[in-house]
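Before any comments, here is the structure.
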Amino acid sequence: MTTTAIAGIGATEFSKQSGRSELRLAAEAVLAALDDAGLSPADVDGLVTYSQDANQEIAVARETGIGELTFFSRVEYGGGAACGTVAHAAMAVATGAARTVVCYRAFNERSGRRFGRPNAGLAGQPGSQGLEMSWHVPFGLMTPAAWVAMFARRYMHVHNATSEDFGRVAVAMRRHAATNPAAWFHGRPITLEEHQASRWIVEPLHLLDCCQESDGAVALVVTSTERARDLRRSPAVITAAAQGAGAGQMMMTSYYRDDMTGLPEMSVVGRRLWEISGLSPADIQTAILYDHFTPFVLTQLEELGFCGRGEAPGFLADGGIELDGRLPVNPHGGQLGEAYIHGMNGIAEAVRQIRGTAVNQLPDVTNVLVTAGTGVPTSGLILSSG
Amino acid sequence: MTASDKREPAEAAPMTDEELHELAGKQAALGEVRGAPAADPVNVPMIRHWLTAMGDENPRYLEEGLAPPAMAQVWTMPGLRRGAKDRSPVDDMMAALDGSGYTGVVATNCEQTYHRYVRVGERLTPATRFAGLAGPKRTALGVGYFATWNITWYTDDDEPVAEMMFRVLKFRPPKAKAMEPYPLQPAVNQDTAFFWEGVNRGELRVQACADCGELRHPPGPLCPRCRSSERTYRVADGTGTLFSYVVHHHPPVPGRETPFVVGVVELPEGVRIVGNVVDCPVEEVRIGMPLRVTYRRMDDRLVLPMWTRP
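As they're listed, the protein sequences go chains A and B.
The first sequence begins at 1 in the numbering used here and counts up one residue at a time.
The second sequence begins at 387 in the numbering used here and counts up one residue at a time.
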């Protein structure tokens with residue numbers, strides 16, 4: 001690809017109670033991203049967000065002074081949409097459907113509707129998703145933590161993994177967040193003992209295996225690489241972007257496929273990213289792996305080829321995801337440490353690592369791999385310097 | 387018991403209060419109606435059993451061949467196979483009350499009078515007189531009627547040896563309280579209705595392709611192997627093995643008490659299904675444990691298949 005790039009990033013503060021409407025958060029992030037890029041709202045002709053976002057593109061355009069739109073798109077499947085918004089924007093720019101596209105995600109996910117809360121209406125509608133949920137929700141299997149825990153238990157059984165293996169992800173994320181002033185858990189690292197002592201949410205997941213819930217917004221400006229080079233910031237080139245769904249895919253409950261220890265949809269994304277970029281895991285200096293729940297970080301390391309099947313516990317025990325490890329993961333602290341903005345804040349961190357402006361900046365970063373929501377149809381990016 | 391053994395005619399038409407009292411008057415007007423004589427005369431084995439059962443250690447009954455007076459009813463109990471001759475004026479009254487919705491029954495009074503001891507070898511015959519009906523009255527058990535009758539036991543010489551006044555309350559049981567609606571209802575459509583109808587009948591139905599026989603769960607409109615839309619189902623054997631599971635603690639889930647277990651169960655038929663593992667301590671739940679299906683009614687509409695140890 002390489003013809004498109006992320007030219008600007010913007011965000012609100014990350015909090016538990018923004019005190020503002022979601023539309024206002026979206027508008028603030030979009031304006032911040034445009035300012036970062038050195039562009040004005042009038043330059044924007046495309047907007048992309050998640051299908052779950054409550055702020056319509058036209059409303060965001062009205063508030064920010066973006067005029068006419070020639071491209072707008074919504075990406076499905078919860079947090080799996082994160083990198084997909086950039087993929088859609090890049091395709092629009094590459095095909096000429098739009099020149100400057102802003103991707104955004106804004107919500108009061110903590111002070112408003114919390115995704116971790118059971119919603120009895122999930123299985124209420126006889127659309128395909130309601131019917132899918134109807135095989136699970138009536139049994140009380142209805143929270144994201146519970147859906148992930150079902151995979152985690154199987155992974156533990158097959159690979160002799162333990163809760164401590166999951167805990168090492170949480171400890172690393174909180175350590176990274178501790179030195180990130182934008183992180184909710186800035187200055188608040190945890191120990192593995194604290195992870196183990198935290199209460200059960202859904203066994204085998206402890207409280208500290210679950211990411212926080214946040215209010216906030218993040219926006220990204222996508223334009224051509226050529227144009228981005230003339231703008232305020234050095235571009236983060238979109239070397240590869242991909243979406244992926246696996247065979248027999250469901251939303252969070254793909255329990256009917258032969259194996260329950262993997263994430264075949266992430267394998268689809270990974271294979272596409274390596275194929276498009278011509279890169280391999282050895283070419284990645286840091287990865288932003290979606291961490292709504294710790295167990296799927298292990299699975300992603302395996303699906304993306306950073307280690308073999310069942311080897312993630314060893315990879316973690318060796319400090320592999322630490323800032324000085326083989327593959328530093330989520331230097332900003334991820335969603336466990338920084339904020340849960342449905343994966344969008346991770347893309348912004350990838351851009352900072354490429355620019356060399358991150359608070360926990362890693363040396364000599366040329367390629368960053370980013371993933372989106374796990375357990376759902378998902379997406380991924382490789383961003384590069386240049 | 388088969389239907390023919392029932393005491394009352396199968397169905398009596400509902401009656402108004404007035405009609406019930408009218409019937410009561412008729413039954414009372416019949417006066418004393420003789421029943422069938424006892425099948426056996428007063429005898430030692432029955433006296434012995436009764437004394438043992440009651441814990442009565444008085445030796446005089448057996449020594450002197452006398453029946454304990456409280457055995458009066460025992461000698462003329464109709465047993466399980468009642469004949470038409472055993473009918474009494476009370477039966478029609480009871481049937482009418484049942485038919486009018488007063489199906490509950492509780493004995494409220496029983497007074498017995500003994501004229502003399504009955505001796506081994508004597509044969510008794512009961513005679514029943516319907517004494518009266520009072521009601522309807524509001525009681526703690528529900529609205530009902532008090533029905534009273536008298537029985538006198540005679541020897542073959544027409545000598546009355548014992549009498550009993552008996553009263554029952556026949557009441558209309560309050561309607562069973564409707565179950566609280568279960569909040570976690572499944573969406574059901576043409577592709578999935580057969581499954582939920584199945585669990586309502588205690589069947590675990592797995593979709594089967596009518597053309598190639600392929601089984602699938604969860605079900606859907608097309609066969610995943612041959613794309614045929616001709617569907618049928620197979621009733622699963624009802625056994626399975628736990629493939630994975632979670633223990634839900636937090637947050638609270640509507641309609642559920644925490645902690646509860648949800649598992650993915652692998653069926654020998656080759657498909658997986660999600661359900662709760664119940665009646666098993668949480669710490670004893672293990673991947674690989676054998677399970678069998680059980681059914682739980684969640685509310686007036688919904689039955690869920692669940693899993694328990696065989």
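The C-beta atom is built at its ideal place from N, Cα and C for all residues, glycine as well.
Under 8 Å between beta-carbons, which chain A residues line up against residue i? List them in chain order, please.
i	result
Y631(B)	M150 and R153
I673(B)	R153, R154 and H157
R642(B)	G140
T578(B)	L131 and S134
Against residue i, what residues of chain B qualify as contacts under a CB-to-CB distance less than 8 Å, listed in chain order?
i	result
Y256(A)	H603, P604, V657 and R658
P126(A)	A573, V574 and N575
M404(A)	This structure cannot settle anything about residue 404(A), because the visible part of chain A is limited to 1 through 386.
A146(A)	V632, H634 and V648
Just the chain A side, please: which residues come within less than 7 Å of residue i by C-beta, in chain order?
i	result
N586(B)	Result: empty, since nearest Cβ-Cβ is about 13 Å, beyond 7 Å.
V639(B)	P118, G140 and M142
P569(B)	A120
G661(B)	F139
T525(B)	Here the premise fails: no neighbours, minimum Cβ distance about 41 Å.
What does DSSP give as the partner residue(s) for residue i in the beta ladder?
i	result
S379(A)	Q243(A)
V419(B)	T514(B)
K523(B)	G530(B)
W535(B)	F516(B) and F552(B)
D477(B)	In the DSSP output, where bridge partners are listed per residue, D477(B) has none listed.
N662(B)	V648(B)
I89(A)	Residue 89(A) is actually Ala in this sequence, not Ile. Partner(s): none; A89(A) has no beta bridge.
Q593(B)	R602(B) and Y619(B)
N429(B)	DSSP lists no partner for N429(B).
H634(B)	V202(A) and F646(B)
C337(B)	Absent from the structure is residue 337(B), since the part of chain B shown begins at 387 and ends at 696.
C210(A)	F293(A)
For residue i, tell me which candidate among the options has the shortest Cα-Cα distance.
i	options	result
G65(A)	T100(A), S384(A) and P41(A)	P41(A)
T299(A)	N330(A), M266(A), G319(A) and D318(A)	M266(A)
I284(A)	Q212(A), A240(A), T261(A) and M260(A)	A240(A)
A32(A)	V48(A), L25(A) and A11(A)	A11(A)
L207(A)	T294(A), G343(A) and I347(A)	T294(A)
I347(A)	W135(A), T85(A) and G38(A)	T85(A)
P640(B)	F139(A), E203(A) and N108(A)	F139(A)
I6(A)	Y50(A), R62(A), M91(A) and S51(A)	M91(A)
G127(A)	P654(B), G606(B) and L677(B)	G606(B)
L263(A)	A98(A), G375(A) and A94(A)	G375(A)
T627(B)	A533(B), Y531(B) and I673(B)	I673(B)
T618(B)	A414(B), A415(B), A596(B) and R558(B)	A596(B)
V428(B)	G411(B), G451(B), Q413(B) and A414(B)	G451(B)
R99(A)	S163(A), V222(A) and T143(A)	V222(A)
A287(A)	V351(A), R233(A) and T3(A)	V351(A)
A579(B)	R524(B), N662(B) and V689(B)	V689(B)
H292(A)	A61(A), D43(A) and T143(A)	T143(A)
M565(B)	R682(B), V460(B) and P454(B)	R682(B)
I341(A)	E63(A), R105(A) and G8(A)	R105(A)
Y568(B)	S163(A), V137(A) and V370(A)	V137(A)
L301(A)	R326(A), L279(A), G278(A) and S277(A)	R326(A)
Since residue i meets chain B, which of its residues come closer than 7 Å, beta carbon to beta carbon?
i	result
G130(A)	A573
E76(A)	Per Cβ cutoff of 7 Å: no residues; E76(A) is ~19 Å from chain B at best.
I201(A)	H635 and H636
H136(A)	V660
Under 7 Å: does the beta carbon of residue i sit that close to some heavy atom of the ligand FAD?
i	result
V365(A)	Within the structure as shown, the ligand FAD is missing, as the structure has no ligands at all.
Residue i touches chain A at which residues, Cβ-Cβ below 9 Å?
i	result
R613(B)	What R613(B) touches in chain A: nothing, since even the nearest Cβ is about 15 Å away.
Along chain B, which residues have their Cβ under 9 Å away from the Cβ of residue i?
i	result
A123(A)	L570, Q571, P572 and A573
Does the stretch 126-136 of chain A come into contact with the stretch 567-578 of chain B, if we say contact requires no fewer than three beta-carbon pairs (one atom in each stretch) closer than 8 Å? Result yes; three or more Cβ-Cβ pairs closer than 8 Å.
I'd like the ranges of any beta strand (DSSP E) spanning at least 3 consecutive residues and lying wholly in the stretch 228-314 of chain A. Here the runs fully enclosed are 236-244 and 286-288.
Tell me, please, whether the stretch 67-78 of chain A touches the stretch 173-191 of chain A by the rule of three or more beta-carbon pairs shorter than 8 Å. They do not touch, by the three-pair rule.
Could you tell me whether the stretch 501-516 of chain B touches the stretch 405-423 of chain B, where touching means 3 or more Cβ pairs closer than 8 Å? Yes, since at least three Cβ pairs between the stretch 501-516 of chain B and the stretch 405-423 of chain B fall closer than 8 Å, the two stretches touch.
Pairs of beta-carbons, one from the stretch 350-359 of chain A and one from the stretch 192-205 of chain A, closer than 8 Å: are there three or more? By the C-beta criterion, the stretch 350-359 of chain A is judged not to be in contact with the stretch 192-205 of chain A, since fewer than 3 inter-stretch pairs fall below 8 Å.
Could you tell me whether the stretch 594-602 of chain B touches the stretch 618-634 of chain B, using the rule of 3 or more Cβ pairs below 8 Å? A contact exists between the stretch 594-602 of chain B and the stretch 618-634 of chain B.
Is the stretch 5-24 of chain A close to the stretch 358-370 of chain A, with three or more CB pairs under 8 Å? Short answer: they don't touch.
Could you tell me whether the stretch 328-335 of chain A touches the stretch 149-156 of chain A, using the rule of 3 or more Cβ pairs below 8 Å? Touching, no, given that fewer than three Cβ pairs across the two stretches are closer than 8 Å.
Would you check if the stretch 517-530 of chain B and the stretch 581-588 of chain B touch, i.e. whether three or more CB-CB distances between them fall below 8 Å? The stretch 581-588 of chain B vs the stretch 517-530 of chain B: no contact.
Inside the stretch 343-373 of chain A only - alpha helix (DSSP H) runs reaching at least 4 residues: DSSP runs (the alpha helix (DSSP H)) wholly in the stretch 343-373 of chain A: 344-355.
If we count Cβ pairs, one from each stretch, closer than 8 Å, do we get three or more for the stretch 96-110 of chain A versus the stretch 542-552 of chain B? Counting Cβ pairs under 8 Å, fewer than three are found: no touch.
Between the stretch 113-122 of chain A and the stretch 215-234 of chain A, do three or more beta carbon pairs fall short of 8 Å? Between the stretch 113-122 of chain A and the stretch 215-234 of chain A, the count of C-beta pairs closer than 8 Å stays below three; the two stretches do not touch.
On the three-pair Cβ rule with 8 Å, is the stretch 546-553 of chain B touching the stretch 495-507 of chain B? With a cut-off of 8 Å, the stretch 495-507 of chain B and the stretch 546-553 of chain B count as touching, because enough Cβ pairs lie within range.
Quick check: the stretch 23-38 of chain A against the stretch 245-257 of chain A, are there 3 or more CB pairs under 8 Å? Not touching, per the Cβ criterion.
Starting from the N-terminal side, write out each stretch of the alpha helix (DSSP H) that is 4 residues or longer and does not extend beyond the stretch 90-162 of chain A. Whole alpha helix (DSSP H) segments, 4+ residues: 128-133 and 144-159.
For the 8 Å Cβ check, are there 3 or more pairs between the stretch 438-449 of chain B and the stretch 480-487 of chain B? Here the stretch 438-449 of chain B makes no contact with the stretch 480-487 of chain B; the two share fewer than three CB pairs at distances below 8 Å.
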